[in-house]
Amino acid sequence: MTKQRKKLGSEAEGITADFLRSKGLRIIELNHRNKIGEIDIIAKDGDIFIIVEVKSKTGIGRGSPEEMVDRRKQRKLIRTAEAYFMLQEIDEPDWRIDVVAVEYDNFGDFKINWLKNAVEE
Numbered sequence: 001m002t003k004q005r006k007k008l009g010s011e012a013e014g015i016t017a018d019f020l021r022s023k024g025l026r027i028i029e030l031n032h033r034n035k036i037g038e039i040d041i042i043a044k045d046g047d048i049f050i051i052v053e054v055k056s057k058t059g060i061g062r063g064s065p066e067e068m069v070d071r072r073k074q075r076k077l078i079r080t081a082e083a084y085f086m087l088q089e090i091d092e093p094d095w096r097i098d099v100v101a102v103e104y105d106n107f108g109d110f111k112i113n114w115l116k117n118a119v120e121e
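Here the sequence shown stands for residues 1 to 121, where the numbers follow my numbering.
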């Protein structure tokens, strides 16, 4: 991953965290890593844990950011979330996986698309 793409991804995660806070969610952790993988954002909406995958993109080529969360990535997100709950000793949590897409235009402006419950087992 190039430095520019990494910077764009990090910026999109910050934008997403601020966006989710503005919608009333409480951010628990950013960039959680365990043996299985990484979770961009872990948040809570009341008693529900929200596992958030952030995807960012510039331009219109190669599809939307949401389309980058393929079946393989979905399975990995599920396993990573399950490992997180096990490591935190959280028994039978109420949780879901959301995808937040941040699309930048050529002028540096962006739009956010929040797909709730985007990944299911």
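Built from N, CA and C at the ideal position, the CB exists for glycine as well.
With a threshold of 8 Å on Cβ separation, who are the neighbours of residue i within its own chain once the five nearest residues in sequence on each side are excluded?
| i | result |
| --- | --- |
| residue 35 | 83 |
| residue 68 | 55 and 57 |
Whose C-beta lies closer than 7 Å to the C-beta of residue i among residues of the same chain, with five residues either side of it excluded?
| i | result |
| --- | --- |
| residue 29 | 42 |
| residue 26 | 43 and 44 |
| residue 17 | 27, 30 and 41 |
| residue 85 | 93 |
Measure the beta-carbon distance from residue i to residue j and round it to whole angstroms, keeping in mind my assumption that it falls under 8 Å.
| i | j | result |
| --- | --- | --- |
| residue 77 | residue 50 | Not quite, the Cβ-Cβ distance comes to about 12 Å (not below 8 Å), so this is no contact. |
| residue 48 | residue 114 | About 15 Å separates the two Cβ atoms, so there is no contact after all. |
| residue 102 | residue 112 | 6 Å |
Going by the DSSP bridge assignment, what does residue i pair with across the sheet?
| i | result |
| --- | --- |
| residue 132 | A query on residue 132 cannot be resolved here, the shown segment of the chain reaching from 1 to 121 and no further. |
| residue 10 | Answer is none; residue 10 lacks a bridge partner. |
| residue 2 | Per DSSP, none; premise fails for residue 2. |
If you compare alpha carbons, which of the options is closest to residue i?
| i | options | result |
| --- | --- | --- |
| residue 70 | 110, 119 and 26 | 119 |
| residue 109 | 79, 99 and 56 | 56 |
| residue 100 | 92, 27 and 15 | 15 |
| residue 21 | 85, 52, 80 and 89 | 52 |
| residue 32 | 92, 116, 117 and 87 | 87 |
| residue 116 | 23, 93, 9 and 10 | 23 |
| residue 107 | 75, 67 and 58 | 58 |
Does the beta carbon of residue i sit closer than 8 Å to a beta carbon anywhere in chain D?
| i | result |
| --- | --- |
| residue 79 | Absent from the structure is chain D; it holds one protein chain and no more. |
Would residue i and residue j qualify as a contact pair, given that the criterion is a beta-carbon distance under 8 Å?
| i | j | result |
| --- | --- | --- |
| residue 40 | residue 54 | yes |
| residue 38 | residue 80 | yes |
Under 6 Å Cβ to Cβ from residue i, same chain only, skipping five residues before and after it: list those, please.
| i | result |
| --- | --- |
| residue 7 | none |
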